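Accompanying notes for the structure given below.
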Amino acid sequence: MNAVVATQTGLASLDGDKLSALERLADGLGPAELYWIAAWSAARAERAQRGGVLPPTAKAVGDRLTVLYGSQTGQAKRIATQLAARAEATGLSVRLVRADGYAQRDLAKETHLVVVISTQGDAEPPDDARGLVEFILGKRAPKLPGLRYSVLGLGDSSYPQFCAIGRQLDERFAELGGTRLAPLGEADVDVDAVAGPWSERALEQARQALGASTPVARVATLQPVPSRASHTRERPFAASVLDNQAIVARDAGRDIRHVELSLEGSSLHYEPGDALGVWPENPAALVDQWLSVLKLDGEQPVRHDGKELPLRRWLSHERELTRLSRPLIAAVADASGDSELANVLRSDQASRLATLLADQQPIDLWRQHPAAWSAEELVSTLRPQTPRLYSIASSQKAVGDEVHLTGAVVDYLAHGERHWGAASSFIGGAGDDQRLPVFIEENEPFRLPKDASRDVIMIGPGTGVAPFRAFVQERRETGADGRNWLFFGNRQFPRDFLYQIEWQAALRDGSLDRLDLAFSRDGDAKVYVQQRIREQGRELYAWLQDGAHLYVCGDANQMAKDVHAALVDVAVTHGGQSHEQAREWLSALLQQGRYARDVY
Ligand SMILES: Cc1cc2nc3c(=O)[nH]c(=O)nc-3n(C[C@H](O)[C@H](O)[C@H](O)COP(=O)(O)OP(=O)(O)OC[C@H]3O[C@@H](n4cnc5c(N)ncnc54)[C@H](O)[C@@H]3O)c2cc1C
Ligand SMILES: Cc1cc2nc3c(=O)[nH]c(=O)nc-3n(C[C@H](O)[C@H](O)[C@H](O)COP(=O)(O)O)c2cc1C
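In the numbering used here, the protein residues as written are 37 to 636.
In structure tokens, the structure reads:
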């Protein structure tokens, strides 16, 4: 393609600003998207040369639709990419941009904007949108009287603050003078059920606002290249179990498994940092409990969504049984006529709702609020089952057609009964003869540095260590010469030091340069990784000043926040920065992709 352009026009290179803007945009895109951009640019260049539909210079901002996304685990990115492709296919000029590639100064000039953004953590933006969301919600945001916008929030109604970031942006744009094109969309875990119709509506509104004429057929190159992966979220691969073993002592108080699956015959490919999606089957014992508590017959056929299955199959494979959500609380309150339960959903009862969501599974609610449910009502009320993600704990360069996971099994006693997590107990209990439905979830922002001479600092307590096993394997296989430093922590050295033998071997063979450990229940005083970070602050700061990349994986509720606070302290103590400067420095590292988090 380059050669053709070169002979016809002479190869023009981009000046520094444009090149960095392009690099920012391309950073984090996968091969399919990069090819799509290449094909799109080529088609555009050809048309410009022929004096075709589009003028050779970029369209004015006011004539085009900007589709902006912020995404942690890829869903918002997928929806935004589809929406941009549809918009383009109907003749609109579109710019698709990840939030951290969006220049904040462009916002004041923006006239037609669609935002697709998920909510993470405790009602926080995804990492790639942190800077932009802060800017939009902050004092420096410009007035936006010329802006027409639509926001689609992605979320999970089992979290207390459902789609919080989508909501905040939608309200803030209005406050700044913008005009809503489509009403705020709020997509729950079955994302496409809302995102599909919402995208159609938002697109139609944008087309009208932009004064687009009837849809025009576009050249084939403007369609996104379909994913070449043979197996996807919707078409998972049935991976056989090669190994499944506990990697904690019997008396550790919980079960953490190392699981090896075969991808042979799937042509699935993954990079260190990616996650494996697993479609769970609910535990048979839990399904039995449901049938008994609700006094329903598992063999009874139930027709829903054009499918007829026995109720037991709906409950074991098709419906979410283990996570409480707001719509389910509302339905149970309604069916049982319990006004006290209904009150929990009032906006002034946020903390009671948060406690309920954290403390109970649906089975607890059924037990406490009995009501007569028909099998059909039950199936149509419950949310569809959704896959869970697990950080991949292996490098494909080291293990070939295999994929390894590190999974903590959720199995606990509460309200006098045993409770399970759907996916972790499914994986934990998977035997040799079993196959698990899996797919690869790319995680572009969580990648080893392209420059192999860069040092990496990995902070991964508990199962958060999983991707770092993949990182260290990869750096060993590729002979990367940058240094590798791991912070690991758990409860007790003798009981749950995950992959202890492997880390010790890695220290010996030089594929791990430093290992700092923190066990919280070994001594009188609790020690966590953040304490080790502070203790090693001088050296850690020096590594970062030398260009090291920093990664954090594991618990989002407490650990990631505490580690962030420890990193601020390190920059204050050893870098002479003020707290404000230290926070900005870390934000800049996040923006540059030198500080990446994969927390859950
Ligand atoms: C990007 C990403 C990477 C991840 N990587 C890993 C990984 O490498 N390893 C790993 O183990 N997990 C990982 N997870 C978490 C994983 O996806 C699941 O969320 C986890 O295994 C629980 O899923 P489950 O289906 O077993 O439980 P679910 O069926 O989803 O939930 C069970 C319910 O029980 C509640 N609950 C859970 N534990 C307790 C408890 N102790 N006490 C009271 N209530 C409880 C929960 O609130 C929930 O309502 C990752 C998540 C993400 C998003
Ligand atoms: C660690 C974590 C925290 C989350 N917190 C929230 C939340 O507070 N509110 C919400 O509505 N959704 C929450 N979600 C759900 C995500 O927003 C939802 O899964 C979304 O589809 C992810 O989109 P993305 O892949 O583009 O990031 C959370 C998900 C994870 C993994």
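Yeah, the Cβ is synthetic: ideal placement off N, Cα and C, and Gly gets one too. Predicted model only: the values in this text are computed from it and were never measured.
Can you find the residues in the same chain that come closer than 7 Å, C-beta to C-beta, to residue i, ignoring five residues on each side of it along the sequence?
{"i": "L149", "result": "T102, L104, L183 and Y185"}
{"i": "H267", "result": "F273, S302, L304 and F475"}
{"i": "Q385", "result": "N379"}
{"i": "D634", "result": "S427, N479, F482, P503 and C589"}
{"i": "Q613", "result": "A607 and W621"}
{"i": "L576", "result": "I493, I569 and V606"}
{"i": "S298", "result": "A275, S276, L278, D437 and E438"}
Could you tell me if the beta carbon of residue i falls within a distance shorter than 7 Å of some heavy atom in ligand 2?
{"i": "L190", "result": "yes"}
{"i": "V227", "result": "yes"}
{"i": "V368", "result": "no"}
{"i": "A112", "result": "yes"}
{"i": "Y195", "result": "yes"}
{"i": "F475", "result": "no"}
Report yes if the C-beta of residue i is less than 7 Å from at least one heavy atom of ligand 1; otherwise report no.
{"i": "Q156", "result": "no"}
{"i": "G457", "result": "yes"}
{"i": "P420", "result": "no"}
{"i": "Y564", "result": "no"}
{"i": "T109", "result": "yes"}
{"i": "T442", "result": "yes"}
{"i": "D634", "result": "yes"}
{"i": "Q432", "result": "no"}
{"i": "V380", "result": "no"}
{"i": "A450", "result": "yes"}
{"i": "S556", "result": "no"}
{"i": "V606", "result": "no"}
{"i": "L360", "result": "yes"}
Buried or exposed: residue i, going by 16 or more other Cβ atoms within 10 Å of its Cβ?
{"i": "R286", "result": "exposed"}
{"i": "R293", "result": "buried"}
{"i": "Q108", "result": "buried"}
{"i": "G629", "result": "buried"}
{"i": "T358", "result": "buried"}
{"i": "E307", "result": "buried"}
{"i": "G498", "result": "buried"}
{"i": "A62", "result": "exposed"}
{"i": "R176", "result": "exposed"}
{"i": "Q404", "result": "exposed"}
{"i": "P420", "result": "exposed"}
{"i": "S460", "result": "buried"}
{"i": "I399", "result": "buried"}
{"i": "N593", "result": "exposed"}
{"i": "R382", "result": "exposed"}
{"i": "A578", "result": "exposed"}
If I measure Cβ to Cβ from residue i and keep anything under 6 Å in the same chain, skipping five residues before and after, which residues do I get?
{"i": "W315", "result": "P272, P423 and P473"}
{"i": "Q470", "result": "V277"}
{"i": "Q566", "result": "D598, V599 and A602"}
{"i": "A159", "result": "Q197 and A200"}
{"i": "W234", "result": "L188 and G221"}
{"i": "Q540", "result": "none"}
Since residue i is in the alpha helix (DSSP H), which residue starts that stretch and which ends it?
{"i": "G573", "result": "G573 to Q581"}
{"i": "N379", "result": "S375 to N379"}
{"i": "W326", "result": "A320 to L330"}
{"i": "S186", "result": "No alpha helix (DSSP H) holds S186; the beta strand (DSSP E) holding it covers R184 to L190."}
{"i": "K113", "result": "Q111 to A125"}
{"i": "R544", "result": "Q536 to D545"}
{"i": "R208", "result": "A200 to E211"}
Tell me where the beta strand (DSSP E) around residue i begins and ends.
{"i": "E477", "result": "R471 to E477"}
{"i": "V415", "result": "No beta strand (DSSP E) holds V415; the alpha helix (DSSP H) holding it covers A411 to T417."}
{"i": "H340", "result": "P337 to H340"}
{"i": "A394", "result": "Taken as a continuous stretch (DSSP letters only), A394 belongs to no beta strand (DSSP E), being part of the alpha helix (DSSP H) at A386 to D395."}
{"i": "E160", "result": "Note, E160: premise wrong, no beta strand (DSSP E); not H, not E."}
{"i": "K343", "result": "K343 to P346"}
For residue i, collect the residues of the same chain with a Cβ closer than 8 Å to its Cβ; drop the 5 residues on either side in sequence, then sort them by chain order.
{"i": "V130", "result": "R100, L101, T102, V103, A120, A123 and E124"}
{"i": "V323", "result": "G334, R348, L351, S352 and L357"}
{"i": "G467", "result": "V277 and N280"}
{"i": "Q204", "result": "V169 and L173"}
Are any of the Cβ atoms in chain D nearer than 8 Å to that of residue i?
{"i": "P161", "result": "Any reference to chain D falls outside this structure, which holds one protein chain only."}
Handout entry: contact_flag[the segment 480-499, the segment 330-349] where n(CB pairs < 8 Å) is 3 or more
Key = no
Problem - At least three beta-carbon pairs within less than 8 Å, the segment 531-541 to the segment 577-584 - result: No, because fewer than three Cβ pairs between the segment 531-541 and the segment 577-584 fall closer than 8 Å, the two stretches do not touch.
Problem - Cβ contact check for the segment 190-202 and the segment 390-399: 3 or more pairs under 8 Å - result: yes
Exercise for the section: Tell me, please, whether the segment 137-144 touches the segment 165-184 by the rule of three or more beta-carbon pairs shorter than 8 Å. Expected result: yes
Practice task
Mind the definition here: the segment 450-458 touches the segment 539-555 only if three or more C-beta pairs lie below 8 Å; say whether that holds.
Solution key: no
Practice task
Determine contact between the segment 508-523 and the segment 486-499, defined as no fewer than three beta-carbon pairs at a distance below 8 Å.
Solution key: yes
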